[in-house]
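**Student:** Chains as they are written, first to last, in the working numbering: chain A, 1 to 106; chain D, 107 to 519. Note that the Cβ used here is the ideal one computed from N, Cα and C, for glycine as well.
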Amino acid sequence: MAKITYVDHDGTERTVEATNGESVMEAAIKNSIPGIDADCGGACACATCHVYVDEAFMERVGSPEDMEQSMLDFAENVQANSRLSCQISVSDELDGLKVTTPESQH
Amino acid sequence: MDLSGAEKVVIIGGGQAAAQACASLRLFGFEGSITLIGEEPALPYQRPPLSKAYMKGELAEERLYFKPASWYEDQNIDTVLSVRATKIDRSAQTVELEHGGSVPYDALIIATGSRPRALPVEGADLDGVFDLRDLADVERIRPQMVSGRKMVIVGAGYIGLEAAAVARQMGLEVTVLEMEERVLARVTSPIMSQFFTDEHTRQGAEIRTGARLASLKGEGAKVTQAVLADGTELDADIVLVGIGILPNVELAEEAGIACSNGILTDQDARTNDPRVFAAGDCAARPLVHYGRKGRLESVHNAIEQGKLSAAAIMGKPRPTEDCPWFWSDQYDLKLQIAGLSQGYDETVVRGDPEARKFAVFYLQNGKLIAVDAINSPPEFLASKKMIITGARLAPETLSDTSKSMKEIAATTA
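1) Between the segment 402 to 426 of chain D and chain A, which residues of the former have CB atoms less than 8 Å from a CB of the latter, in chain order?
2) Is there a Cβ from chain A that is less than 8 Å from the Cβ of F172/D?
3) Are the Cβ atoms of R223/D and L352/D separated by less than 8 Å?
4) Is it right to say P155/D is buried, meaning 16 or more other beta carbons lie within 10 angstroms of its own, or is it exposed?
5) Relative to the C-alpha of F432/D, which residue among T426/D, T281/D, P425/D, L441/D is closest?
6) For K399/D, which of N407/D, I349/D, H406/D, A390/D has the nearest alpha-carbon?
7) May I ask you to verify whether the segment 410 to 429 of chain D touches the segment 459 to 472 of chain D, counting CB pairs closer than 8 Å and requiring at least 3?
8) Rounded to whole angstroms, how far is the Cβ of V116/D from the Cβ of V201/D, which I believe are closer than 8 Å?
9) Assuming L131/D contacts I419/D (C-beta within less than 8 Å), just tell me the rounded distance between them.
10) Count the other CB atoms within 10 Å of the CB of E68/A; is the residue buried (16 or more) or exposed (fewer)?
11) Got a sec: is the Cβ-Cβ distance from P483/D to anything in chain A below 8 Å?
12) Would a check of beta-carbon distances place K3/A closer than 8 Å to chain D?
13) Check this for me: beta carbons of G42/A and S23/A, under 8 Å apart or not?
14) I'd like to know whether the C-beta of P296/D is nearer than 8 Å to at least one C-beta of chain A.
15) Out of V282/D, E137/D, I216/D, D195/D, state which residue places its alpha-carbon closest to the alpha-carbon of Q181/D.
16) Leaving out five residues before and five after T5/A in sequence, what residues of the same chain have Cβ atoms less than 6 Å from its Cβ?
17) Using a beta-carbon distance below 8 Å, is Q331/D in contact with chain A?
18) List, from N- to C-terminal side, the alpha helix (DSSP H) runs of 4 residues or more that fit wholly inside the segment 332 to 362 of chain D.
19) Going by C-alpha distance, which of L504/D, K162/D, C365/D, D233/D is nearest A327/D?
20) Give the DSSP bridge partners of H106/A, in chain order.
21) What do you reckon, are the CB atoms on I143/D and A213/D nearer than 8 Å?
22) Please identify the residue among M1/A, C86/A, E59/A whose C-alpha is closest to the C-alpha of L72/A.
23) Determine whether the Cβ of L487/D lies closer than 8 Å to any Cβ atom of chain A.
24) In whole angstroms, give me the CA-to-CA distance for E312/D and S299/D.
25) In chain order, what residues of the segment 26 to 46 of chain A put their CB closer than 9 Å to some CB of chain D?
26) Express the C-alpha separation of A358/D and A364/D in angstroms, rounding to a whole number.
27) Which value, in whole angstroms, describes the spacing of the CA atoms of A159/D and L165/D?
28) Can you name the start and end residues of the alpha helix (DSSP H) that L414/D belongs to?
29) When we look at the beta-carbon of M161/D and count the other beta-carbons within 10 Å, is it buried (16 or more) or exposed?
30) Would you list the residues sitting across from D184/D in a DSSP beta bridge?
31) Determine which residues share a DSSP beta bridge with Q152/D and list them.
32) Any beta carbon from chain D within less than 8 Å of E65/A's own beta carbon?
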């Protein structure tokens, strides 16, 4: 289990309990977190679950694999801490993780 | 018609379009009652993994569901499951249910989806012959998918080829039968068809094109053989049928709603009855980037029409329509498709099929209308945007791998 906080583009924070093994995207969708569309359901096919990972967690979250990186290159307003949340797997290690959602996924 | 006073929305169907409509209605501020009537016992779930990761046993069932049961309770959405809607009474504005009773509506969304086309041969009802559409289908098939068993797949569309890839990875002997002269004939170019044929062959599946199934034979009630029109007999422990789907339009048709290969809708997903909408596989909608109407069998379409119908009911501005997009996972290949390639007059290959990382662009009069991208997200994502803007591109520009897709897209902006 890990507590994950989603910060939307205007600063509103929402914290949810996520289960190990599910993705940061899935935890968001199940809790109706705004700002994450995740149209493809986690198949790394659509690039609509873009988030910014809090700097303090960058190392623990790790870096994107090639497919994800090449999808991210086409996301809007991509930054060094951009990730697709469907590719981040929840674990105890990520307890307290904070991610910020962009204004729009399109 | 202004539906802003609507208090009761009924959704017939429990798939992705239905789930999206529920979520969008609440997101747009709808405070009235929502009733979702679904034939399946399960709450709305993702279908794409059924022929991919879920079939292979790599994804737990609970991860298929869009929302947990508690969400429907929290959102005050009444889910009526394992129940078939039998009639839409448009003058009374009610939906009648199979075990009696009816549900009144101010606005109705028909999201009845589609059903597998039935195999029109003798023996199609034998044990061991399966469709692949629902969770329940996978539950029946999966225990049969034991290494070393022989699986005959009828139809080399996306479902058939995805299932073939899963079955090979699970160690089954796989033969795919396709009536047409090439796989994926209806949806892609000869170049892509050849690529997938080569890949499946390399992975040990046998692809038989131009092969017409004549009958299925069994011992007792259990299938044992597939017999082709040329007399060839193939041993089969399992037969999987993937020969396309038919839209579930009957409820709409019987209620006098206009249909033509799908329930006809306008850009807002509205049918010819202003209180009735249609979304997902069952709907034939304007394909705004192509100047024609058509039916799309895809996640993108289910999501978009779920949103469009909710927005129209709530009097919200119409959400922007995206370029149609699709994906397919086979082995370690990710195929991403943007646009609709029907009607192309030129293809351009970018990259090297041998490297298993390439794309085929489809042009019509010099305009980009679609792309099939293998393990190539930039080609897919850049094309998605360029198709919407109606970009014109020279073939030599698209095939020039010394330029990134970002650079190429920038020249058309």
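**Tutor:** In this structure, then:
1) V405, H406, I409, T426
2) Your numbering for residue 172/D matches position 66 in the second sequence. F172/D counts as touching chain A.
3) Taking the second sequence and counting its residues from 1, one reaches residue 223/D at position 117. Taking the second sequence and counting its residues from 1, one reaches residue 352/D at position 246. Yes, they are a contact pair.
4) Taking the second sequence and counting its residues from 1, the one referred to as residue 155/D is at position 49. Taking a 10 Å sphere around the C-beta of P155/D, we find 16 or more other C-beta atoms and assign the residue as buried.
5) As a first step, residue 432/D is located in the second sequence; it is residue number 326 there, counting from the start. The option with the nearest alpha carbon to F432/D is L441/D.
6) The residue given as residue 399/D occupies position 293 in the second sequence. It is A390/D whose Cα lies nearest to the Cα of K399/D.
7) no
8) What you label residue 116/D is simply residue 10 of the second sequence in a count that begins at 1. What you label residue 201/D is simply residue 95 of the second sequence in a count that begins at 1. The Cβ separation is near 5 Å, so the contact holds.
9) What you label residue 131/D is simply residue 25 of the second sequence in a count that begins at 1. What you label residue 419/D is simply residue 313 of the second sequence in a count that begins at 1. Correct: roughly 7 Å between the Cβ atoms.
10) The residue you call residue 68/A lines up with position 68 of the first sequence. When all chains shown are included, E68/A counts as buried.
11) Against the second sequence, residue 483/D aligns to sequence position 377. It does: the Cβ of P483/D has a partner Cβ on chain A nearer than 8 Å.
12) Against the first sequence, residue 3/A aligns to sequence position 3. By this cut-off, K3/A is not an interface position.
13) Position 42 of the first sequence, counted from the start, is the residue given in the question as residue 42/A. Position 23 of the first sequence, counted from the start, is the residue given in the question as residue 23/A. A contact, by the Cβ cut-off of 8 Å.
14) By 1-based counting over the second sequence, the position of residue 296/D is 190. Chain A, which has no Cβ nearer than 8 Å to the Cβ of P296/D, makes this no.
15) Within the second sequence, the letter at position 75 stands for residue 181/D. Comparing Cα positions, the closest option is E137/D.
16) Walking along the first sequence from the start, residue 5/A turns up at place 5. For T5/A, where only same-chain residues beyond five positions count, the Cβ hits under 6 Å are E13, T15, K98.
17) Translated into the one-based positions of the second sequence, residue 331/D becomes position 225. Cβ-Cβ to chain A under 8 Å: no for Q331/D.
18) Listed in chain order, the alpha helix (DSSP H) runs fully inside the segment 332 to 362 of chain D are 356 to 360, counting runs of at least 4 residues.
19) For this step, residue 327/D is matched to residue 221 along the second sequence. The shortest C-alpha separation from A327/D is found at D233/D.
20) By 1-based counting over the first sequence, the position of residue 106/A is 106. None, per the DSSP bridge assignment.
21) Taking the second sequence and counting its residues from 1, one reaches residue 143/D at position 37. Taking the second sequence and counting its residues from 1, one reaches residue 213/D at position 107. Not closer than 8 Å, so no.
22) One-based indexing of the first sequence puts residue 72/A at position 72. Nearest C-alpha to L72/A: C86/A.
23) The residue given as residue 487/D occupies position 381 in the second sequence. Yes, L487/D lies at the interface with chain A (some Cβ there is under 8 Å from its Cβ).
24) Numbered from its first residue, the second sequence carries residue 312/D at position 206. Numbered from its first residue, the second sequence carries residue 299/D at position 193. If I take the Cα positions, the gap works out to 14 Å.
25) E26, I29, K30, N31, S32, P34, D37, D39, C40, G41, G42, A43, C44, A45, C46
26) Working through the second sequence from its first residue, we reach residue 364/D at position 258. Working through the second sequence from its first residue, we reach residue 358/D at position 252. Their backbone Cα atoms lie some 8 Å apart in a straight line.
27) Walking along the second sequence from the start, residue 159/D turns up at place 53. Walking along the second sequence from the start, residue 165/D turns up at place 59. Looking at the two C-alpha atoms, the distance is approximately 6 Å.
28) Taking the second sequence and counting its residues from 1, the one referred to as residue 414/D is at position 308. Run containing L414/D: 405 to 419, per the alpha helix (DSSP H) assignment.
29) Within the second sequence, residue 161/D is the residue found at index 55, counting from 1. Label assigned to M161/D: buried.
30) In the second sequence, the residue the question calls residue 184/D occupies position 78. Looking at the DSSP assignment, D184/D forms a beta bridge with T141/D.
31) Locating residue 152/D in the second sequence gives position 46, where the first residue counts as 1. Bridge partners of Q152/D: none, in fact.
32) Counting from one through the first sequence, the residue named residue 65/A turns up at place 65. It does not: the Cβ of E65/A has no partner Cβ on chain D nearer than 8 Å.
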